[in-house]
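This report refers to the structure that appears directly beneath it.
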Amino acid sequence: MCTLEKRGNIYILTLTGTDDHRLNPPLLDSLQSALRRLRSEAAGCGGPCALITTAHGNYFSNGYDLDWAGSNEDRLLLMSTKLRSLVKDLISLPMPTIAAVSGHASAGGFILALCHDYVLMRKDRGYLYMSELDVGLVLPAWFATLLRCKIGSPAVWRDVVMMAEKMTAEVAVQKGVINSAHGSAAETVRAAVALGEQLVGRKWEGHVYGENRKVVFAGVLDALGVGDSVEHVNATSRLLKAKNVVSRF
Amino acid sequence: MCTLEKRGSVYILTLTGNDEHRLNPPLIDSIRAALRRIRSETTTSSSALITTAHGKFFCNGYDLGWAQSDPLRHPQLMSSKLRSLVGDLISLPMPTIAAVSGHASAAGLILALSHDYVLMRKDRGFLYMSEMDIGFKVPAWFVALMRCKVGSPEAVRDVVLRAEKLGAEAAAKKGIVDLACGGAAETVEEAVRLGEELVGRRWNGAVYGRNRETLLAEVVGAMGFDETVENADGTPKAVSRL
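Note that the protein sequences, when read in sequence, are chains R and A. Just so you know, we're using our numbering here: the first sequence kicks off at 137 and counts up by one. Just so you know, we're using our numbering here: the second sequence kicks off at -19 and counts up by one.
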């Protein structure tokens, strides 16, 4: 589901396979366990490091596995709980994080990318897309909190959430959603590695970095604690029952 | 430590001396005393305040040496005094302008950002949140002030998580500084010009101060507590590098 490799001081976490990397429990568990391994290795290695998250295939991640959930509330809540836990791990991770967005990132997948300190993306294909409005789903409140913490312009929040805009990397850079756009998936990873090395070269203490990131994103951590309400999960599952939702993307 | 002069309707508060103007209790107390004098002098007429400094530094942050001389008590005292000063600036019944004449780092950057307008010389000097580089935790209230004043999350990330050193022009592009001006003297002149323009609007000072407090309510709330120097029950905690 995912691999973790080390290149010098840079860890590269890759979502493997050419599927759309839906955030179902097996993938979420595998990502969290990779982050746990990363923390223990980083603690041992004594020097500063950085994390890059990327993926194989046409998708970075297409969000929650709604097909698997069907209209089962427990399954929806389980995915939400696991994603929130993963996001907490990323926000407290004791090193700089970079998302090298190698394909489409939508809904929960877009959120996953935005949880990284720096977001780089290929410009030759792929969209960032909050699909909820198009699919008829209510946005979880903590998604909105994260979007607002990471995106400064109210006009852009509106475009992203209320217009369900599909943004290419270049548009996303212009709108201040991501850092930079690169020629291809491979180029994006190369640029991410170069950025990672620059950040590692600052010789920050990982513990200090993670603690300061938690201060900057305290609002998101608070929102994660609250999570999805039972009402929200019920409403979502009713909608899914009614629509027999299949991926629109 | 600081002087207060009046030019027409505009007050100019200057941090004197060629040192780093580190925020220790004597300096903070002297600035607060100057602000108290301003409040007592201004009655019905409109005024504005410009804060600037002599030498290469606007303000290089907390006096860490003084803090370490009593690690359990001094950090909390300094933090509490700085928060009172920032509270004074936030409630000051007149527009405030920082004429950043040199380096402003950490708490010194916070001091600059506590003003309504930030003008900065572009020929030298950096804005810099040094905490990440020296292994310190940034207080949540610092971040609250930054978020209230700097619209771009990317800019906040670059300043706090990337510890970027920003000259005036880069800072203006990121929306941290309002105007990048020629040199120190020009920056003060521009600040005086802006101050006079604002005074010309004939705003009621008390209303101005109250409206600013409303706008910065989140910051005022966050300033009640500094988790890097005190526990939840208000008892001091020793500050050191993490």
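Every residue gets a Cβ at the ideal spot worked out from N, C-alpha and C, and that includes glycine. What you are looking at is a predicted structure, and each value in this text was computed from that prediction instead of being measured.
- DSSP lists R:Leu264 as the beta-bridge partner residues of R:Met303.
- Taking the Cα of A:Arg127 as reference, the smallest distance to any Cα among A:Ala197, A:Lys102, A:His83, A:Leu99 is reached at A:Ala197.
- At least one CB atom of chain R sits nearer than 8 Å to the CB of A:Glu134.
- For R:Val351, the nearest CB of chain A lies under 8 Å from its own CB, placing it at the interface with that chain.
- Taking R:Trp340 as the centre and dropping the five residues before and after it, the same chain places the C-beta of Pro184 closer than 7 Å to its C-beta, in chain order.
- Taking a beta-carbon distance threshold of 8 Å, A:Val140 counts as an interface residue toward chain R.
- Within the segment 111 to 129 of chain A, the residues whose Cβ lies closer than 8 Å to some Cβ of chain R are Glu111, Met112, Asp113, Gly115, Phe116, Lys117, Val118, Pro119, Ala120, Val123, listed in chain order.
- DSSP places R:Ala186 in the uninterrupted beta strand (DSSP E) bounded by 186 to 191.
- Proximity of A:Gly201 to chain R, defined by a Cβ-Cβ separation below 8 Å, is not satisfied.
- For A:Leu29, the uninterrupted beta strand (DSSP E) run begins and ends at 28 to 33, by DSSP.
- Within the segment 145 to 201 of chain R, the runs of beta strand (DSSP E) at least 3 residues long that lie entirely inside it are, in chain order, 146 to 151, 186 to 191, 195 to 197.
- In this structure A:Met58 touches A:Leu3 by the C-beta definition: roughly 7 Å separates them, less than 8 Å.
- Judged by their CB atoms, A:Ala143 and A:Lys102 are not nearer to each other than the 8 Å cut-off.
- Within 9 Å of the CB of A:Gly131, the CB atoms of chain R belong to Gly288, Ser289, in sequence order along the chain.
- Counting only Cβ-Cβ distances below 8 Å, R:Tyr345 has contacts in chain A at Met112, Leu141, in chain order.
- Shortest Cα-Cα distance from R:Leu282 to any of R:Gly361, R:Arg158, R:Leu376 involves R:Gly361.
- Judged by beta-carbon spacing, A:Val157 lies beyond the 8 Å limit of A:Ile30, meaning their Cβ atoms are not closer than that value.
- The segment 77 to 91 of chain A and the segment 100 to 114 of chain A touch, with no fewer than 3 CB-CB distances between them shorter than 8 Å.
- At a cut-off of 8 Å between beta-carbon atoms, A:Arg137 makes contact with chain R.
- DSSP places A:Thr23 outside both helix and strand once states are collapsed to three, so it counts as coil.
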